[in-house]
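The structure under discussion appears below in the form of structure tokens.
Residue numbers (the working numbering): 261 to 549.
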């Protein structure tokens, strides 16, 4: 089996795919990774012997530039075009494509899979961008939610409108260039499976993510704690008694002089906004390694 893993973003978007590539290769698959051309990512993949295909501009330079909201459509068009150029060649003859990272880049990679008629899977490493009636979306800069709106379902519908307004034209212009029909940018990279040449209903942003349910695993005399159902997890949640390795905990601690590194001008630059408020609130950020 030949697999191409595509991402664009910070190290947090790239390193999980490095681990996945290593495991897939151990199972006998032929794997290559499409990632930003930053030297650190090339070294990371070279260290485990996985071929890397550079895609788009430097992610570090892009985030350092701190694009203004008015420039998001232009950057989105460039990212999507870069995906079509690089991933198209990398995915030729592959059986499966896995896409993650910035929304415009993931949408471009999934469009490549659609064009080539290969199976694809869109994944996410965090839950903030997954629609749910239990939490609101994160407002894009310059597109605050209307004051007084507190219904999360309405807010997610408004979020879809923002995504289409910011990235829809860029996505569909590039799709038209390779002979694909237009589609909603809000559903173009939502987490789900795709088969053949068309996106299935499972990719809809209306596939709500619920709250964790009571822990009713076999052997428990009574429900204890709460856990996400398996359908919401790529892998089962670890037992609460397990802790991250000491090296990982130390790595996650911010060091002297460290600065937050935003990863996505089209997603992570969004700020959580309280329902009914027109002022975005600050969101804790983590440093990148």
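In this text, a Cβ means the ideal position worked out from N, Cα and C, and glycines have one as well. These numbers come from a predicted model, not from an experiment.
Query - Segment limits, alpha helix (DSSP H) that includes residue 429 - result: In the chain shown, counting from the first residue as 1, residue 429 sits at position 169. In the DSSP assignment, residue 429 falls within the alpha helix (DSSP H) that extends over 429–437.
Query raised in the report: If residue 576 and residue 302 are in contact, beta carbons under 8 Å, what's the gap, nearest whole angstrom?
Result: For residue 576 there is no data in the structure shown, the boundaries of the chain being 261 and 549.
Query raised in the report: So, using beta-carbon positions, are residue 389 and residue 268 closer together than 8 Å?
Result: One-based indexing of the chain shown puts residue 389 at position 129. One-based indexing of the chain shown puts residue 268 at position 8. Cβ atoms of residue 389 and residue 268: not closer than 8 Å.
**Report entry** Spatial distance of residue 431 from residue 346 (CA atoms)
**Finding:** On the chain shown, residue 431 is found 171 positions in, with the first residue counted as 1. On the chain shown, residue 346 is found 86 positions in, with the first residue counted as 1. Between residue 431 and residue 346, the C-alpha separation is close to 16 Å.
Requested in this report: If I'm right that residue 276 touches residue 426 with Cβ under 8 Å, what's the distance once you round it to whole angstroms?
Outcome: Counted from its first residue, the chain shown places residue 276 at position 16. Counted from its first residue, the chain shown places residue 426 at position 166. Not really, about 26 Å apart at Cβ, beyond 8 Å.
Query raised in the report: With burial defined as no fewer than 16 other Cβ atoms inside 10 Å of the residue's Cβ, what is the status of residue 287: buried or exposed?
Result: Locating residue 287 in the chain shown gives position 27, counting from the first residue. Burial call: exposed.
Query raised in the report: Can you tell me where the beta strand (DSSP E) with residue 266 in it begins and where it stops?
Result: Translated into the one-based positions of the chain shown, residue 266 becomes position 6. Counting along the chain, the beta strand (DSSP E) containing residue 266 begins and ends at 262–266.
Query raised in the report: What's the C-alpha gap between residue 284 and residue 307?
Result: For the purposes of this step, residue 284 is identified with residue 24 of the chain shown, where counting begins at 1. For the purposes of this step, residue 307 is identified with residue 47 of the chain shown, where counting begins at 1. C-alpha separation (whole angstroms): 16 Å.
Requested in this report: Measure the C-alpha to C-alpha separation of residue 309 and residue 397 and round it to an integer number of angstroms.
Outcome: Residue mapping note: residue 309 aligns to position 49 of the chain shown, counting from 1. Residue mapping note: residue 397 aligns to position 137 of the chain shown, counting from 1. Here the alpha carbon of residue 309 sits roughly 38 Å from the alpha carbon of residue 397.
Query - residue 352 (DSSP reduced to helix, strand or coil) - result: Taking the first residue of the chain shown as 1, we reach residue 352 at position 92. The answer is coil: DSSP assigns residue 352 none of H, G, I, E or B.
Requested in this report: To the nearest angstrom, report how far apart residue 337 and residue 353 are at their CA atoms.
Outcome: Within the chain shown, numbered from 1, the residue matching residue 337 stands at position 77. Within the chain shown, numbered from 1, the residue matching residue 353 stands at position 93. Those two C-alpha atoms are separated by around 26 Å.
Requested in this report: Could I get the ranges of all uninterrupted beta strand (DSSP E) runs contained in the region 375–412, with 3 residues as the minimum, in chain order?
Outcome: Counting only runs of at least 3 residues, the region 375–412 fully encloses the following beta strand (DSSP E) elements, listed from N- to C-terminal order: 379–382.
Report task. Classify residue 357 as helix, strand or coil using the three-state DSSP reduction. Result -> Position 97 of the chain shown, counting from 1, holds the residue named residue 357. It is a strand residue.
Query raised in the report: What span of residues does the beta strand (DSSP E) with residue 291 cover, start to end?
Result: Taking the chain shown and counting its residues from 1, the one referred to as residue 291 is at position 31. Note, residue 291: beta strand (DSSP E), 290–295.
Requested in this report: State the start and end residues of the unbroken alpha helix (DSSP H) segment that holds residue 314.
Outcome: Numbered from its first residue, the chain shown carries residue 314 at position 54. Taken as a continuous stretch (DSSP letters only), residue 314 belongs to no alpha helix (DSSP H), being part of the beta strand (DSSP E) at 312–314.
Query raised in the report: Does residue 312 come within less than 8 Å of chain C when only Cβ atoms are used?
Result: Absent here is chain C; the protein component of the structure consists of one chain.
Report task. Just mark residue 322 as buried or exposed, buried being the case when its beta carbon has 16 or more other beta carbons within 10 Å. Result -> On the chain shown, position 62 is the one that residue 322 refers to. Residue burial is scored here from C-beta neighbours: residue 322 has at least 16 other C-beta atoms within 10 angstroms and is therefore classed as buried.
**Report entry** Sequence-distant residues of its chain with Cβ nearer than 7 Å to residue 359 (five each side left out)
**Finding:** Indexing the chain shown from 1 puts residue 359 at position 99. Here the set comprises 266, 366, 369, 370, 380, 382, 449.
Requested in this report: Specify the secondary structure class of residue 287 as computed by DSSP and reduced to three states.
Outcome: Walking along the chain shown from the start, residue 287 turns up at place 27. Three-state DSSP puts residue 287 in coil, outside helix and strand.
**Report entry** Three-state secondary structure (DSSP) of residue 328
**Finding:** If you number the chain shown from 1, residue 328 lands on position 68. Residue 328 falls in the coil class under three-state DSSP.
Query raised in the report: So, is residue 378 buried or exposed, given that buried needs 16 or more other C-beta atoms within 10 angstroms?
Result: As a position in the chain shown, residue 378 is number 118, starting the count at 1. Here residue 378 is buried: its Cβ has 16 or more other Cβ atoms, across all protein chains shown, within 10 Å.
Query raised in the report: Just curious, the alpha helix (DSSP H) that residue 425 is in, first and last residue?
Result: As a position in the chain shown, residue 425 is number 165, starting the count at 1. Where residue 425 is concerned, there is no enclosing alpha helix (DSSP H), because DSSP gives it neither an H nor an E.
Query - residue 399 versus residue 446: straight-line alpha-carbon distance, rounded - result: Numbered from its first residue, the chain shown carries residue 399 at position 139. Numbered from its first residue, the chain shown carries residue 446 at position 186. Just so you know, the alpha carbons of residue 399 and residue 446 end up roughly 14 Å apart.
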